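Those protein sequences? They're chains A and B, same order as listed. Mapping of the first sequence onto this note's numbering: position 88 corresponds to residue 90, and the numbering continues sequentially without gaps. Mapping of the second sequence onto this note's numbering: position 43 corresponds to residue 26, and the numbering continues sequentially without gaps.
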Amino acid sequence: EPEVTQTPSHQVTQMGQEVILRCVPISNHLYFYWYRQILGQKVEFLVSFYNNEISEKSEIFDDQFSVERPDGSNFTLKIRSTKLEDSAMYFCASSEHRTDTQYFGPGTRLTVL
Amino acid sequence: GQNIDQPTEMTATEGAIVQINCTYQTSGFNGLFWYQQHAGEAPTFLSYNVLDGLEEKGRFSSFLSRSKGYSYLLLKELQMKDSASYLCAVRALSSSGSARQLTFGSGTQLTVLP
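Here is the structure:
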């Protein structure tokens, strides 16, 4: 069964450093998403992406964040200058069509020291 | 904005039936999803309702009443492996007319006892 994959599974970085989180969505899916979950809190939407551009973004997704689909398979989330409060689990998700079910990857646990 | 409420914790016994409720307030409702999340893992899709009524999927069923802003997830023949957090998520049309992002509740931590 096809699934969303994410790398790395765990990333530790120093405050102020840039990080890139990588995702490979399900191959025939067209819509891609990033969510985050701070430990013990709810899953929060960050951004959705379709046809090589951002469709929607939340208030969390400020100028420090960017997304890119650099090739036909990868979908990345970049945080330019990490803060302590960026420590969270970051989930990538994808869906085939606009209103289809979103399937989540296993997540990247980001720890900012 | 959107508001989603679900109980924080529930406990049930192996083999029993449990119902997890979710109430929501939103404009532009466009579907309600239930996900299961084990600690440290990704949310896994369980069920989806966009019209009123019951959707059955093996041991799991989900019900929706749009007029009441209410859904429940019913788990039958509980197994130990069902111990997890159950997330209610609502999709709603945004001001731009798109309907993609999910807004999640805080989750209901279900503990299944032997």
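The beta-carbon is built from N, C-alpha and C at its ideal position, and this holds for glycine as well. Everything numeric in this text was worked out from a predicted model, so none of it was measured.
Tell me which residues share the same chain as residue i and place their Cβ nearer than 8 angstroms to its Cβ, disregarding the 5 neighbours each side in the sequence.
{"i": "residue 75 of chain B", "result": "-15, 9, 10, 11, 12, 13, 82, 86"}
{"i": "residue 106 of chain A", "result": "6, 37, 93, 94, 95"}
{"i": "residue 60 of chain A", "result": "46, 47, 48, 49"}
{"i": "residue 99 of chain B", "result": "The shown model of chain B, from -16 to 97, leaves out residue 99 of chain B, and the question about it has no answer."}
Run down chain B in chain order and give the residues with a C-beta less than 7 angstroms from the C-beta of residue i.
{"i": "residue 104 of chain A", "result": "85"}
{"i": "residue 2 of chain A", "result": "The question about residue 2 of chain A has no answer here: the residues shown for chain A are numbered 3 through 115."}
Can you name the start and end residues of the beta strand (DSSP E) that residue i belongs to?
{"i": "residue 29 of chain B", "result": "27 to 32"}
{"i": "residue 115 of chain B", "result": "As displayed, chain B neither begins before -16 nor continues past 97, which places residue 115 of chain B out of reach and without an answer."}
{"i": "residue -6 of chain B", "result": "-8 to -4"}
{"i": "residue 23 of chain A", "result": "21 to 26"}
{"i": "residue 93 of chain B", "result": "91 to 96"}
{"i": "residue 115 of chain A", "result": "Premise fails: residue 115 of chain A is in no beta strand (DSSP E) and is neither H nor E."}
{"i": "residue 15 of chain A", "result": "12 to 15"}
{"i": "residue 8 of chain A", "result": "7 to 9"}
{"i": "residue -13 of chain B", "result": "-14 to -12"}
{"i": "residue 4 of chain B", "result": "1 to 8"}
{"i": "residue 86 of chain B", "result": "85 to 87"}
Name, please, each residue of chain A whose Cβ falls closer than 9 angstroms to the Cβ of residue i.
{"i": "residue 16 of chain B", "result": "103, 104"}
{"i": "residue 36 of chain B", "result": "Here the premise fails: no neighbours, minimum Cβ distance about 18 angstroms."}
{"i": "residue 90 of chain B", "result": "44, 45"}
{"i": "residue 70 of chain B", "result": "44, 45"}
Under 7 angstroms from any heavy atom of the ligand NAP, does the C-beta of residue i make it?
{"i": "residue 5 of chain A", "result": "Absence of the ligand NAP from the depicted structure is noted, as is the absence of any ligand whatsoever, leaving it without description."}
So, for residue i: in the same chain, excluding its five sequence neighbours on each side, which residues have a beta-carbon less than 7 angstroms away from its beta-carbon?
{"i": "residue 54 of chain A", "result": "71"}
{"i": "residue 1 of chain B", "result": "-7, -5, 58, 61, 93"}
{"i": "residue 4 of chain A", "result": "28, 29"}
{"i": "residue 52 of chain A", "result": "32, 33"}
{"i": "residue 66 of chain A", "result": "81, 82, 83"}
{"i": "residue 141 of chain B", "result": "The requested residue 141 of chain B does not occur in the structure, where chain B is confined to residues -16 to 97."}
{"i": "residue 63 of chain A", "result": "48, 49"}
{"i": "residue 18 of chain B", "result": "26, 27, 28, 29, 70, 72"}
Nearest chain D C-beta to residue i closer than 8 angstroms, yes or no?
{"i": "residue 29 of chain A", "result": "Within the model displayed, chain D is absent; protein chains A and B are what it includes."}
Please look up how many angstroms separate the CB atoms of residue i and residue j, rounded, as I've assumed it's under 8 angstroms.
{"i": "residue 21 of chain B", "j": "residue 72 of chain B", "result": "17 angstroms between Cβ atoms; not a contact."}
{"i": "residue 70 of chain B", "j": "residue 88 of chain B", "result": "6 angstroms"}
{"i": "residue 17 of chain A", "j": "residue 86 of chain A", "result": "6 angstroms"}
{"i": "residue 13 of chain A", "j": "residue 112 of chain A", "result": "5 angstroms"}
{"i": "residue 75 of chain A", "j": "residue 114 of chain A", "result": "At roughly 28 angstroms, the Cβ-Cβ gap does not stay under 8 angstroms, so residue 75 of chain A and residue 114 of chain A are not in contact."}
Name the chain A residues whose beta carbon is nearer than 8 angstroms to that of residue i?
{"i": "residue 24 of chain B", "result": "108, 109"}
{"i": "residue 13 of chain B", "result": "101"}
Report the neighbours of residue i on chain A: residues whose CB is nearer than 7 angstroms to its CB, in chain order.
{"i": "residue 77 of chain B", "result": "58"}
{"i": "residue 7 of chain B", "result": "In chain order: nothing, as chain A lies at least about 13 angstroms away."}
{"i": "residue 31 of chain B", "result": "103"}
List the residues of chain B that residue i touches, going by C-beta distances under 9 angstroms, in chain order.
{"i": "residue 93 of chain A", "result": "25, 26"}
Tell me which same chain residues have a C-beta within less than 6 angstroms of the C-beta of residue i, skipping the five on either side of it?
{"i": "residue 53 of chain B", "result": "6"}
{"i": "residue 22 of chain A", "result": "78, 80"}
*At which residue ranges does the region 33 to 92 of chain A contain complete beta strand (DSSP E) runs of 3 or more residues, listed in the order of the chain?*
33 to 39, 46 to 52, 55 to 59, 67 to 70, 77 to 81
_Runs of 4 residues minimum, wholly inside the region 23 to 76 of chain B: which ones carry the alpha helix (DSSP H) assignment?_
none
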